[in-house]
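Here's the structure, in structure tokens; my notes come after.
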Amino acid sequence: MAYVEQEAENAAYTGALVGPDRDAFTFASEASGRTAVELEPGEHVRFTLTRDANALTVRYALPDAPRGGGLSGTLDLTAAGVSRSVPVTSRYSWLYNQYPFTNDPTAGLLHPDWWVAECGCVPAQTTPAPVFDTPFRPSHAYAEQRVLLGRTVRAGGTVTLTLPRRSALPWAVIDLVDLEKVGPPQAAPRGAVNAWLLGADPTGRRDAARPLRQAVALAKKLDRPVYVPPGTYRLSEHLVVDDVTIAGAGSWYTVFRGREVALSEPAPDGSTHTGVGFYGRPAAQGGSHDVHLRDFAIVGDVAERIDDDQVNGIGGAMSDSSISGLYIKNTKVGLWFDGPMSNLRVERNVVVDQIADGLNFHRGVTDSVVRDNVFRNTGDDALASWSQDVPNARNVFDSNTIQVPTLANGIALYGGTDLTVSNNVVADPVREGSALHLGSRFGATPFVGTISVRDNTTVRGGPLEPNWKIGTGALWVYALERSIDADVQVVGDHFLDSTYNAVMLVAEWGVKDQYSIENVHLRDVRIDGTGTNAISARAMGSATFENVDARNLGSYGVNNCGAFHWDWEHGSEFTLVDLGGNDGTSGNPWDASTNNWLTRFTPNTITCNDTPPVVAPPAPSPWQQPVG
85 MAYVEQEAEN AAYTGALVGP DRDAFTFASE ASGRTAVELE PGEHVRFTLT RDANALTVRY
145 ALPDAPRGGG LSGTLDLTAA GVSRSVPVTS RYSWLYNQYP FTNDPTAGLL HPDWWVAECG
205 CVPAQTTPAP VFDTPFRPSH AYAEQRVLLG RTVRAGGTVT LTLPRRSALP WAVIDLVDLE
265 KVGPPQAAPR GAVNAWLLGA DPTGRRDAAR PLRQAVALAK KLDRPVYVPP GTYRLSEHLV
325 VDDVTIAGAG SWYTVFRGRE VALSEPAPDG STHTGVGFYG RPAAQGGSHD VHLRDFAIVG
385 DVAERIDDDQ VNGIGGAMSD SSISGLYIKN TKVGLWFDGP MSNLRVERNV VVDQIADGLN
445 FHRGVTDSVV RDNVFRNTGD DALASWSQDV PNARNVFDSN TIQVPTLANG IALYGGTDLT
505 VSNNVVADPV REGSALHLGS RFGATPFVGT ISVRDNTTVR GGPLEPNWKI GTGALWVYAL
565 ERSIDADVQV VGDHFLDSTY NAVMLVAEWG VKDQYSIENV HLRDVRIDGT GTNAISARAM
625 GSATFENVDA RNLGSYGVNN CGAFHWDWEH GSEFTLVDLG GNDGTSGNPW DASTNNWLTR
685 FTPNTITCND TPPVVAPPAP SPWQQPVG
């Protein structure tokens with residue numbers, strides 16, 4: 085990545101440590117590493133640089149206003165002898181209550197006719213009706229701010245963030261900083277149409293939509309790119325793009341900002357708002373082709389989740405296209421693509437503080453690659469491939485860094501054909517999802533061909549599913565609407581410090597005798613630290629294991645409940661096939677023996693302890709070769 089990330093809890097500070105905590109709805113659970121530092125007025129965090137930097141991103145949390153809407157203030161930043169104020173706000177941070185959530189911390193239940201885990205009941209059908217404290221389920225607490233320091237701080241120097249002594253804010257939580265050496269603004273591509281010269285206002289005082297459309301039209305006519313020089317451009321609508329390149333001076337320099345604008349009447353797609361964004365034409369109109377967007381920022385002001393609204397940073401259908409070097413913040417979804425479409429490359433982007441997904445391939449996206457991106461603080465799946473009715477096929481999610489999705493999953497595949505998830509790092513999923521997820525859900529087409537989950541690392545995955553009151557797995561395979569029987573290859577992955585299980589394979593209770601999970605193969609996998617089990621099987625089916633090393637388990641290696649029929653004569657409905665080389669712990673927590681952790685549980689021994697006690701493992705450490 086372009087930056088060095090430093091956690092506040094590892095810096096020098098005068099505030100109070102927050103965490104560690106993995107329970108949802110806390111500051112610690114939504115912090116990177118599940119730990120942060122709280123500052124009261126006058127307190128600070130000081131970071132020592134490990135390499136030169138002239139730019140900083142700070143991730144922080146502030147209190148909400150009593151009735152929502154956020155509070156704003158400043159942090160004092162001191163670096164290389166220069167001090168400045170950094171504006172911070174919680175305007176876009178807080179969500180409460182049940183899906184699709186509200187910004188009002190005082191609101192009662194949005195859906196009293198839904199099952200509520202906190203009371204184990206349906207409130208509308210319960211007498212007396214339960215009363216819930218407000219704010220109910222506060223989440224999405226963090227935000228981030230980027231700052232160009234104006235000078236280079238050398239390695240060994242310090243950067244200090246202080247909550248001012250006379251701040252109107254009662255406190256601020258600092259999670260981390262990203263320290264970066266940003267180069268100068270990029271020059272215009274040769275022959276480019278300069279958006280300035282067509283009237284695009286770099287001060288943001290005048291709306292830039294019309295001159296940008298004119299620049300795009302002229303560039304297409306001349307077969308040249310559009311260049312948008314440094315500046316902040318106001319854009320409060322979708323710029324529809326086709327067969328054009330739009331290049332900025334770099335995401336730190338060329339910024340498109342926009343307000344969420346209410347439409348006078350709903351759009352044909354159901355949207356009631358529009359906002360800043362770059363969209364391909366709808367697939368039903370043939371989609372867009374040869375679109376190349378690079379090196380600029382998109383900053384919206386979306387603070388509420390309205391699923392029908394198209395208020396995403398990037399949208400539509402874009403085939404034979406590329407999106408690179410963007411910074412996308414405060415839109416509903418960073419990048420949402422509605423297919424059919426093919427051959428898209430999404431590379432080297434940073435997508436943060438989204439109300440919903442980071443990126444979603446939806447319906448018939450094929451032969452596309454998402455690589456070397458950063459997704460942080462998404463309000464739904466950070467990366468999703470959703471084959472609703474039409475399969476996605478032959479797509480690759482590779483080498484992405486995903487941090488703290490506050491709801492749902494780090495990477496989720498919902499059906500599809502020949503998909504690859506490789507070399508990604510996914511850390512700290514909070515609730516109602518996990519790090520890696522394969523699900524037959526949401527009207528998805530079947531999984532077909534080979535689904536490759538290869539060489540990924542998950543960190544503190546496998547959180548509690550609060551509605552089920554059981555822990556998920558860092559890899560969570562879920563048969564809800566149909567069986568999963570594609571060739572699922574889980575090879576070379578590392579599952580580190582999983583809150584509950586490393587791998588969970590589960591069918592929904594109502595269909596457990598109808599749907600199964602078959603043909604899952606784990607090979608050359610390392611499991612280091614689980615709160616409960618290495619494998620939790622809660623379905624019919626089978627999986628094979630070869631060279632799977634497991635250590636520091638909080639409970640037994642296998643929790644095999646099968647389909648919960650307790651057939652002690654014939655065993656569980658889920659079969660585990662031992663192909664050899666599965667070294668590590670086999671019984672008691674942290675057993676240091678080097679026997680095969682799987683042998684005693686194969687092929688289908690019932691070992692179901694539905695909710696084994698969680699035993700926090702020691703921190704991951706280097707593996708010693710050989711393990712067994």
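In the working numbering, each residue carries its 1-based index in the sequence shown increased by 84.
Virtual Cβ for every residue (Gly too), placed ideally from N, Cα, C.
Since I believe residue j is in contact with residue i (beta carbons under 8 Å), could you give me their beta-carbon distance rounded to a whole number of angstroms?
i: G228; j: R175; result: Checking the sequence, you will find Glu at residue 228 rather than Gly. That belief does not hold up - the Cβ atoms of E228 and R175 are roughly 13 Å apart, past 8 Å.
i: S405; j: V375; result: 4 Å
i: V575; j: L559; result: With a Cβ gap of about 12 Å, V575 and L559 do not count as contacting.
i: N644; j: A621; result: 5 Å
i: G342; j: L319; result: 5 Å
i: D391; j: P184; result: 6 Å
i: A466; j: P489; result: 5 Å
i: N540; j: V510; result: 7 Å
i: L233; j: Q90; result: Actually they do not touch by this definition, with Cβ atoms about 15 Å apart.
i: I439; j: R515; result: About 16 Å separates the two Cβ atoms, so there is no contact after all.
i: T590; j: A618; result: Note that residue 590 is Val in the sequence shown, not Thr. Incorrect: roughly 15 Å between the Cβ atoms, too far for contact.
Pick from the options: whose alpha carbon is nearest that of residue i?
i: V261; options: W280, A86, L306; result: A86
i: D667; options: L101, V642, D633; result: D633
i: T534; options: F526, N138, E602; result: E602
i: G267; options: V430, S251, L247, R235; result: R235
i: A563; options: A368, F131, T529, S113; result: T529
i: G364; options: V324, L377, R341; result: V324
i: R135; options: N636, V532, F579, V243; result: V243
i: G165; options: D188, A100, R238, E122; result: R238
i: S156; options: L233, V170, R294; result: V170
i: E630; options: L589, T542, V609; result: V609
i: R378; options: P350, G418, Y411; result: Y411
i: R432; options: V395, N444, F380, V590; result: F380
Under three-state DSSP, which class holds residue i?
i: A519; result: coil
i: V537; result: strand
i: S116; result: helix
i: K413; result: strand
i: L306; result: helix
i: T356; result: coil
i: P295; result: helix
i: V590; result: strand
i: P701; result: coil
i: E93; result: helix
i: Q472; result: strand
i: V604; result: strand
i: V328; result: strand
i: N693; result: coil
i: P207; result: helix
i: R684; result: helix
Could you name the residues of the same chain whose beta carbon sits closer than 6 Å to that of residue i, not counting the 5 residues immediately before and after it, in chain order?
i: H446; result: D422, W470
i: M328; result: In the sequence on display, residue 328 carries Val and not Met. Answer for V328: V300, A303, K304, listed in chain order.
i: T98; result: E127, H128
i: G646; result: S656, E657, F658
i: W707; result: none
Around the C-beta of residue i, are 16 or more other C-beta atoms found within 10 angstroms, so that it is buried, or is it exposed?
i: W198; result: exposed
i: A676; result: Confidence at A676 is low in this model, with a pLDDT of 45, below 50, so the placement of that residue is unreliable and no value is reported for it.
i: D393; result: buried
i: V215; result: exposed
i: Q369; result: exposed
i: T695; result: exposed
i: R230; result: buried
i: D217; result: exposed
i: R635; result: buried
i: P697; result: exposed
i: Q209; result: exposed
Leaving aside the five residues before and after residue i along the sequence, list all residues of the same chain whose C-beta is less than 7 Å from its C-beta, in chain order.
i: F111; result: V102, A120, A145, A225, V257
i: F221; result: Note that residue 221 corresponds to Arg in the displayed sequence, not to Phe. Only F109, Y180, N181 meet the Cβ criterion.
i: A477; result: T450, G500, T501, D502
i: S483; result: R455, D456, N507, N508
i: P273; result: P309, Y311, A331
i: D105; result: A112, S113, R118
i: P207; result: L193, P196, V200, A213, P214
i: A92; result: A120, V121, V129, I258, D259, L260
Here's a check: name, in chain order, each residue in its chain whose Cβ is nearer than 8 Å to the Cβ of residue i, leaving out the five neighbours to either side.
i: P286; result: W280, P313, P314, G315, T316, Y317
i: R250; result: P125
i: S355; result: L347, D392, D393, Q394, V395
Taking 6 Å as the line, does the beta carbon of residue i fall inside it for any heavy atom of the ligand GDP?
i: A496; result: Among the ligands in the structure shown, none appear at all, so the ligand GDP cannot be discussed.
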